[in-house]
Structures are given as structure tokens and as C-alpha cells.
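Take a look at the structure set out below.
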Amino acid sequence: MTHGSLCRVRTALLVVLALIAAACGSDSDADWSEDSPSILLYSGRDKELVQPLIDAFTESSGITVEVRYADSAELALLIQTEGDNSPADVFISQSPGALGLLAGEDRLATLPDDLLGLVDAGFAASDGTWVGLSGRVRVVVYNTGLVDPGDLPTSVLELAGAAYAGRVAVAPTNGSFQDFVTAMRSELGDEATLAWLEGLAVNRAPNYPKNSAIVEAVGRGEVEMGLVNHYYNLRALEADPSVASVNHFLPAGDVGSLVIVTGGAVLASSNASSQGENLLRYLLSIEAQSTFATQTQEYPLLDGVAAPDGLPALSGYTADTIDYDLLGGGLTATIELIRESGIEQ
Amino acid sequence: MASSSSSVRAPFGLTAVAVAIGLIFLGPFAYVVWRNVDLGTDLRSVLFDEDTLHPLSQSLRLGVAVALSAAAIGTGLAWLTVRTDIPGRRVWRLLAPLPLVFPSFVGATALLAGFASGGLMEELLAPFGIETLPDMRGFRGAWLVLTLFTYPYVYLPVAARMASLPPSLEESARLLGRSPVAVFRTVVLPQASSAIWAGTLLVFLYAISDFGAVALLGYDTLTEQIFADKLFDQPRAMGLSLVLGAVALIVVIAERSLDRRRRRIEVVRSRESLVVPLGRWRWPAVAVVAGFLGNALVGPVAVLGFWAWRGMTADAASVGLATDMGELVGPTLRSAEAGLITAAIAIVIVLPLAWTISRYRSRVAGVANSMVVAGFALPGVVIALSLVFWAIDAPLISRWYQTLPLLIIAYVLHFGAQATRAAQVAVDAVPRRLGDAAATLGAGRARRFFSVEVPLMRPGLLAGAGLVMLSTMKELPATLLLAPIGFDTLATEIWGAGDRGALAQGALASLMLVALSAVLTWAVVIRRIEHY
Numbered sequence: 001m002t003h004g005s006l007c008r009v010r011t012a013l014l015v016v017l018a019l020i021a022a023a024c025g026s027d028s029d030a031d032w033s034e035d036s037p038s039i040l041l042y043s044g045r046d047k048e049l050v051q052p053l054i055d056a057f058t059e060s061s062g063i064t065v066e067v068r069y070a071d072s073a074e075l076a077l078l079i080q081t082e083g084d085n086s087p088a089d090v091f092i093s094q095s096p097g098a099l100g101l102l103a104g105e106d107r108l109a110t111l112p113d114d115l116l117g118l119v120d121a122g123f124a125a126s127d128g129t130w131v132g133l134s135g136r137v138r139v140v141v142y143n144t145g146l147v148d149p150g151d152l153p154t155s156v157l158e159l160a161g162a163a164y165a166g167r168v169a170v171a172p173t174n175g176s177f178q179d180f181v182t183a184m185r186s187e188l189g190d191e192a193t194l195a196w197l198e199g200l201a202v203n204r205a206p207n208y209p210k211n212s213a214i215v216e217a218v219g220r221g222e223v224e225m226g227l228v229n230h231y232y233n234l235r236a237l238e239a240d241p242s243v244a245s246v247n248h249f250l251p252a253g254d255v256g257s258l259v260i261v262t263g264g265a266v267l268a269s270s271n272a273s274s275q276g277e278n279l280l281r282y283l284l285s286i287e288a289q290s291t292f293a294t295q296t297q298e299y300p301l302l303d304g305v306a307a308p309d310g311l312p313a314l315s316g317y318t319a320d321t322i323d324y325d326l327l328g329g330g331l332t333a334t335i336e337l338i339r340e341s342g343i344e345q
Numbered sequence: 346m347a348s349s350s351s352s353v354r355a356p357f358g359l360t361a362v363a364v365a366i367g368l369i370f371l372g373p374f375a376y377v378v379w380r381n382v383d384l385g386t387d388l389r390s391v392l393f394d395e396d397t398l399h400p401l402s403q404s405l406r407l408g409v410a411v412a413l414s415a416a417a418i419g420t421g422l423a424w425l426t427v428r429t430d431i432p433g434r435r436v437w438r439l440l441a442p443l444p445l446v447f448p449s450f451v452g453a454t455a456l457l458a459g460f461a462s463g464g465l466m467e468e469l470l471a472p473f474g475i476e477t478l479p480d481m482r483g484f485r486g487a488w489l490v491l492t493l494f495t496y497p498y499v500y501l502p503v504a505a506r507m508a509s510l511p512p513s514l515e516e517s518a519r520l521l522g523r524s525p526v527a528v529f530r531t532v533v534l535p536q537a538s539s540a541i542w543a544g545t546l547l548v549f550l551y552a553i554s555d556f557g558a559v560a561l562l563g564y565d566t567l568t569e570q571i572f573a574d575k576l577f578d579q580p581r582a583m584g585l586s587l588v589l590g591a592v593a594l595i596v597v598i599a600e601r602s603l604d605r606r607r608r609r610i611e612v613v614r615s616r617e618s619l620v621v622p623l624g625r626w627r628w629p630a631v632a633v634v635a636g637f638l639g640n641a642l643v644g645p646v647a648v649l650g651f652w653a654w655r656g657m658t659a660d661a662a663s664v665g666l667a668t669d670m671g672e673l674v675g676p677t678l679r680s681a682e683a684g685l686i687t688a689a690i691a692i693v694i695v696l697p698l699a700w701t702i703s704r705y706r707s708r709v710a711g712v713a714n715s716m717v718v719a720g721f722a723l724p725g726v727v728i729a730l731s732l733v734f735w736a737i738d739a740p741l742i743s744r745w746y747q748t749l750p751l752l753i754i755a756y757v758l759h760f761g762a763q764a765t766r767a768a769q770v771a772v773d774a775v776p777r778r779l780g781d782a783a784a785t786l787g788a789g790r791a792r793r794f795f796s797v798e799v800p801l802m803r804p805g806l807l808a809g810a811g812l813v814m815l816s817t818m819k820e821l822p823a824t825l826l827l828a829p830i831g832f833d834t835l836a837t838e839i840w841g842a843g844d845r846g847a848l849a850q851g852a853l854a855s856l857m858l859v860a861l862s863a864v865l866t867w868a869v870v871i872r873r874i875e876h877y
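Note that the protein sequences, when read in sequence, are chains A and B.
All residue numbers for the first sequence refer to the numbering used here, where the first residue is 1 and numbers rise by one.
All residue numbers for the second sequence refer to the numbering used here, where the first residue is 346 and numbers rise by one.
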């Protein structure tokens, strides 16, 4: 018995050591050598979408890309904490806010003009630190069984009115909502924006943590409507075509019909910046842009690539009046405004 | 060799080890303090602000409510499944710890899909005239979800404790004609109290630091505020993290000072475990256990199964729906690897600390222990960033950056608490006379430790290891930020699928996580506690 338990402890220790050794051994596979260029990408966008594009890029350029997939905001915090020692070369973000934060701390390199010139000026940072890769439009998703189409708003501003009390879900802590409120501030000013947010607070607009949760809630009829990005509902319909949620696009020109871009940047601390730029250039190629349109039904930003089927044309939704730099640097003030309004319950 | 008793000072070596462990676990706290200083956070204005006090009180309310209900349920289930003749005991023992492995956002999503208005249950119940179910959002939903998925923090240590309690007292009580309920109240409960407290403390710390469930259910807590502010209002996020850490420390220290006054009950090794006959209560007890596990385990699994089935049988033309079992093999192995290594290392690291505290009542070790336990209350992303901060340009350590060893360290820092309290309960249970007796027979210290004391501590240590293992397998923020490139786990698969709205693939990965947990919990924990 004594001998037996000693043996078992030893066996357990050996197993653990072997596992650790195996784990350490596998790290050495990642040795970077000079002759095969390799870069590290921090991707705030989903693996399912990004990895095929990365593989195609590697095949055509010979540049190996390692990818860390995580939430955009958390990757921005990671880059910020890593500072000059960050191993990353390129950062792709779901939201311009996270890019703006890093640009404000001089973590991002200035991109060359030919790369920035691939998209409309409104879809890239005015200081050239990041470039837009795809676009999403803010919409009102609604449940067809609960909402009479005649009741749908023609402007997002109407949602603060008493007619919509308790009927419209929001995600006040979500990046897209914060980007949208920042755009509203730049267009209408802080006072009007706060008044609108307070209207939603008085309406007790139900809170959710993110777009997908709102779309699910609207789909099962827990709440009538919700403010989200357009492509989540398209996904929900793929999973269950019978789901009762439908996107309502606000008229072009309304402050509610903002285009929110996803963007890419090269880190200032990268010592492989030209390879990084090549990766961004590839993501703005016709091939990659078409993938965005067909795979995630996002709007391509490269001129001449068709928008996803069945969606209104992006031309009606140009975002060139929105100052994306304000979206970045101004987000702290936006968050304070959102909190002040009492919308978070 | 001096006989160990509380009046004897801890040997210098043990104290040094305890200090070293405390210093390692101090890392995340030191980072939070440093960030507050660096950002010039005005702590007074952060703390005495209605926008802080309200979520703080919400956090505390939720923490206390969940802790109380989880304590009651965990203890009751442990007693029923370990000490009574309830039918199907072996099955219940295997299933009872499993709800812990649901990442709380998965549990909350499944609960909402099942029970929220317009959910699956409403469709099922509609023919019976039940049209609307109670609203699950806010406090009620958060309390329910967290109770259902955290009671194993109480269940596992208490079940391990009950499996190794001396049956003599209980037997005498029964012979004196006391009812099972009276025996439970007067004999079993006091004997298991230190394990119950240990688990309850973990539940409280988990509940105040949870983000996934409270966010999804729309209940505003301190942790939710930290997440909302983490990027664009960093002074406030870091100030709030400090508040959260301080709350945790206060609670941990208070619990410790209570624990010091509790009397110790040592275990004996006896092959026959006492079984309390439930009599006519047998089947009602089965109904209670089955009903509860139905909600905590079968319900969520059923919802996940429905999503996965819908995905696998769907029209192949619908893109993004494809569910692929093969893709889950790698993540499953990596989840198992991370969980097993972390559990083993956590136990080995905290055992000296637990030994020092229990045997010598060392104050230094007590402080170190508070650090270990309170670390559990910091959000995972803060733990991860603190490791980045300490490791990124540190000599010797920086080469481990974004490799498995550093990730394992992050797990151990975050979940060490789960091992340390269980280990303390386990050490407390070892009779001191046994070691002394072995010493007089000439057994060496190491031999005594491995041949006499480790087997006695085994149930408690395995329970702690089981908790760490289950928590590690569902961990997300540190895994995403610190794992080696390509180290996808089941948790990251579930997150990725959820992020792109691929319900079916996420559900399949969640089911795989539950299945893997069942296998590992049985192989590593249950089987070995039972064959004690």
C-alpha cells in the first residue's frame, strides 16, 4: 500500500513533466528564421472569416502569418500593456475605437499613401494610422410578429420618444453602440446626444451586452426591437430561417444609419512593417473584399466591389461626414455621457 | 523530531516557501495598484460616487445571495449523494460537479433560450395553458444562473470531506434514535463546516467577479462596470478593480479569522462508509436531486443539443452553419492538457502553504493565503494583463512570453484559491498523532508524508484539483491573450462561434466540454475519492 501510493505519486509527477516537456517542445516549432519572413497578427475579427484570407495571402506572398484571435478591445489592451516590446506586427480591429486609442498613444505606424488611397478618405484615419477594411451599417432589428412595419422609426432620434418605451433594446457597453453615440455627438453635439440617451433611459430601454444577444432576444420575441449592426441578423437567419427578426434600414442620411468600419493597422514597434502593409493591401484586394461581402455580408470598402446581395447600396450611407478620429479619442467622453444618462440599468 | 502543534513555530524553510508563494500571487494586485498610481486614479472620487456605490451594492447583494443558496444546495447534495442510500448514487456523484464547467455566458445563453419569454420552454408549455414564464432578466436571473453553475464549489469539497468523516458519531446519533435530518443538523453539518465555508467563500468570490452571466442578464455589477470602462476609461476601470480586490481581501480575512476559531475534526481511515437509510424519503430525495440537476445540467445540455442537432441536420447550402466534430479534436486535447497540468501544479504549489497555516497557525502564511484566495475575485483579463506587464520585458521570464508555461502560471494565479482552501481542509483532517507514531517507528519525513499523510489528504486535495481543472478548462480571457499561437481550446472555440453567431458549432463545442469534464472528473476525482 505504502509502496503503491508512492509509485502513483511518482507516476503522476512524471506524466505532468512529460506534458510540460511536450508543450515546451512544440514551441520550438515556431522558430522564426530569416529566409522565410513571418509576421504576427492580432485579430479582433473571427478566425472563420480571417484564416482563409490569411492562408491565401501566405500562398501568394510567401509570408507566414501567425494569428492571435481575441476580442478587439482586449487585444488593444494587450498591445498597450506590451508597449514597445509587443511581438505583434499587425492589428485588425472590429471597431475603430480600439484603433483610435492605440493611435493616440503612438502605438501605430503611419501607413503609406497608396494603401490609404484604396478606400474613401472617410474610411481611414485622417492621420493615416489605420485603414478601413469592411463596413457595417447600424440598423433597427425588429420582430415581425410584434411590430407593425408602420410603427418603425424613420430616424433613430424617434426611439427616445414615449411611443417606444420599453420596446427597443440597446447594448450601452458594446463598442458599436459607443462608436455610434460618438458619431451622434460629432453630428448633433453633446447636449442633444445626452438628451437622446436620457430619453432611452426614461424609456427603460432593455440592456444587453452585445449585438448578438439583442438579435437573439428580438428573434424569440423577448423584446420588440433593437439597435444593432446589420450583419448579426443575417447570421441568425442562416442558423434558423424561420426566426422572426428582420433588419430595418434607416434612411440614408439619418444619424442612426452610420457605417462602422473594421480597420487594420501596422504597429509602430513592428520590425516587419512592409510585410504588415502587404497583408493590409491584400485584405483590400478584390478577392479579399469579395469574401467580406459574401462570407459575413459586410460592405466592401474597395471601389468596384459589389455590396452583399439584398442590401441597400453603401453609396447612400457615406460616412465621410463622420470624423473617425473623434470616434477614437473622444470615446472616454462618450462613455461618461452614456453613464451619465442612466441608460445602464 | 519535534512533534507538530500550534505552539511550535513553523520551520524556516516552510515559512520561506509560504512567503515566496505569497509574493507570486501578489503579482496581479501589485499590477492593479501600480496602474492606479501610474494613471493617477482619484480613488476617492471613484469610490464615493453613486455610479460606483450602486453597482458595488448590487455585486455584494448578488454575491451573498448566490453564496447562501449555493452553500445550501452544495451541502445538501453532497450529503444525499455521499452519506445516504439514495438510489442512483454513483450517477449523481458523477453528474453533480459538472455544471461548474459551463462558462457562465453559455449557461446564461442556454437559460435565456430555454426559459426567457418566447423561449423553448414557453413553446413546450403553451399546450398546457402556461403562456408566460417569469422574467429571467436582472437580479433573479443572475442569481439563478450563478447558483446553478457555482454550487459545485461547495459540493466537491464537502462531498470529499463527508466521504472521509469518522462515521462513529453519526452512528451513535442514529442509534440514539435521531432522525436523518436531526443527525444531519447536529452531527454532519458541524463536521463539514470548514469545507462548507471554504466552498461558500469561492462561490462569493466567483459571483462578484463574474461578467458573462450578469452582462447577458442585464444586472449591473462592479465587474460589469470594469468591463465597460476597461478600454476608454482606464483610471476608473483600474480603480474599480482595486475596490473589487479590496472587497475580496476583506471577506477572505474575515472568513479566515472565523475559521481559526473553528474546531478541527480529524479523519480516520475506514473502509466502510456509513450509509444513512432515507426510508420513505428515498424517492422524494431522488426527485429533488433529479429536478435540481435537471435544471443545472440536463436543461442547458438539452438546449445545446437542440442547437447542435439543428445545425448538423440543416441544409448544407446554408453557409456558416457547418458543424464539424473533427475540428474539435485538437481543442479537446488542449483543454484537457491545460486543465490537468494546471490542477496538478496548483495543488503542488498551495500544499506547503496550506500545511504551514494548518499546522503552525503561521501569520505570515495567513497573509500569503489571503493573497492567493483574493486573487480569484479579480477579473481574468486583469490577471492576464498583469502577467503581460510582469513578463514582457523581465529578464529570463520574457522568453516564456506567450508560451504554455506562462499561461499555466496565469491559470494557477487565478484559480489557486480553489486549491488552497480545499488543501487546507485536507491538511486539517490529517491526525497529528499518525505522523508522530510513524516517526517513532523510524519512518523518514518524506516517506511519512507520502505514505501516511498524502493518502489521508487525498480526497480533499483531489476535490481542490477537480475545481481547478474544471475552471481552467472554461477559462477564456487569459487563454485568448496569453496562449501560444494556435493553442485553441474548447473555451476559445465556444467564444469564437458565439462571436460570429454560429450557434450550432458553439453548442457542439460546449457539449464536448461537458463530456470531457465528465470523463476527467470521473477519472481524476470521483473514482479516487470513492476508492479511498
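C-beta atoms are modelled at their ideal positions from N, C-alpha and C, and glycine is treated no differently.
Residue 867 (chain B) and residue 439 (chain B) have their C-alpha atoms spaced approximately 6 Å apart.
Scanning chain B for C-beta atoms nearer than 9 Å to the C-beta of residue 246 (chain A) yields nothing, as the closest lies near 16 Å away. In the DSSP assignment, residue 245 (chain A) forms a beta bridge with A:143. Residues of the segment 356-386 of chain B that bring their beta carbon within less than 7 Å of a beta carbon in chain A are absent altogether.
By the criterion of a C-beta distance shorter than 6 Å, residue 456 (chain B) is surrounded in its chain by 490, once the five residues flanking it on both sides are discounted.
For residue 98 (chain A), a Cβ of chain B is located within less than 8 Å of the residue's own Cβ. Spatial neighbours of residue 169 (chain A) in its own chain (CB-CB distance under 8 Å, excluding positions within 5 residues in sequence) are listed in chain order as 205, 206, 207, 208, 214, 217, 218, 223, 225, 226, 227. Taken in chain order, the members of the segment 574-589 of chain B whose beta-carbon sits within less than 8 Å of a beta-carbon on chain A are 574, 575, 576, 577, 578.
About 5 Å separates the Cβ atoms of residue 232 (chain A) and residue 211 (chain A), confirming a contact at the 8 Å cut-off.
The beta-bridge partner set that DSSP reports for residue 225 (chain A) consists of A:142, A:168. The Cβ neighbour count for residue 595 (chain B), taken over all protein chains shown within 10 Å, is under 16; the residue is labelled exposed. By the beta-carbon neighbour count (other beta carbons within 10 angstroms, threshold 16), residue 85 (chain A) is exposed. Residue 711 (chain B) places its beta carbon less than 8 Å from that of residue 601 (chain B). Setting aside the 5 residues that flank it on each side, residue 201 (chain A) is surrounded in the same chain by 341, 342, 343, each with a C-beta closer than 7 Å to its C-beta; the list follows chain order.
Per the C-alpha coordinates, the member of B:735, B:626, B:379 positioned closest to residue 580 (chain B) is B:379. By the Cβ criterion, the segment 755-762 of chain B is not in contact with the segment 832-844 of chain B, since fewer than three pairs of Cβ atoms, one from each stretch, lie closer than 8 Å. At a cut-off of 8 Å, the C-beta of residue 440 (chain B) has no neighbouring C-beta in chain A. For the C-beta of residue 92 (chain A), not a single chain B residue is nearer than 9 Å; the gap to the nearest is close to 14 Å. Beta-bridge analysis with DSSP links residue 675 (chain B) to no other residue.
Among the CB atoms of chain A, one or more fall inside 8 Å of the CB of residue 849 (chain B). The beta carbon of residue 409 (chain B) sits closer than 8 Å to those of 549, all from its chain and outside the five residues before and after it, given in chain order.
C-alpha of residue 60 (chain A) to C-alpha of residue 275 (chain A): approximately 13 Å in a straight line. Per DSSP, residue 259 (chain A) is one residue of the beta strand (DSSP E) stretching across 259-266.
If the five residues before and after residue 283 (chain A) are omitted, its C-beta is found closer than 7 Å to the C-beta atoms of 53, 133, 264, all from its own chain and listed in chain order. Counting C-beta atoms within 10 angstroms of its own C-beta, residue 286 (chain A) has fewer than 16 neighbours from the protein chains shown and is therefore classed as exposed.
In the structure shown, residue 791 (chain B) adopts helical secondary structure according to DSSP, grouped into three states. Note that the C-beta distance between residue 498 (chain B) and residue 534 (chain B) is not below 8 Å.
In terms of Cα proximity to residue 249 (chain A), the closest of A:175, A:269, A:174, A:258 is A:258. The segment 728-737 of chain B makes contact with the segment 70-89 of chain A: 3 or more CB pairs, one atom from each, lie closer than 8 Å. For the set A:304, A:145, A:137, A:197, the Cα lying nearest the Cα of residue 262 (chain A) is the one of A:137. DSSP, read as helix, strand or coil, puts residue 203 (chain A) in coil. 8 Å or more divides the Cβ of residue 393 (chain B) from the Cβ of residue 444 (chain B). With respect to chain B, the C-beta atom of residue 147 (chain A) has no partner C-beta closer than 8 Å. Using a Cβ distance threshold of 8 Å, residue 255 (chain A) and residue 108 (chain A) do not count as a contacting pair. Neighbours of residue 85 (chain A) in chain B, taken as residues at a C-beta separation under 8 Å, are given in chain order as 737, 738, 743.
Boundaries of the beta strand (DSSP E) harbouring residue 66 (chain A): 64-69, taken from the DSSP string.
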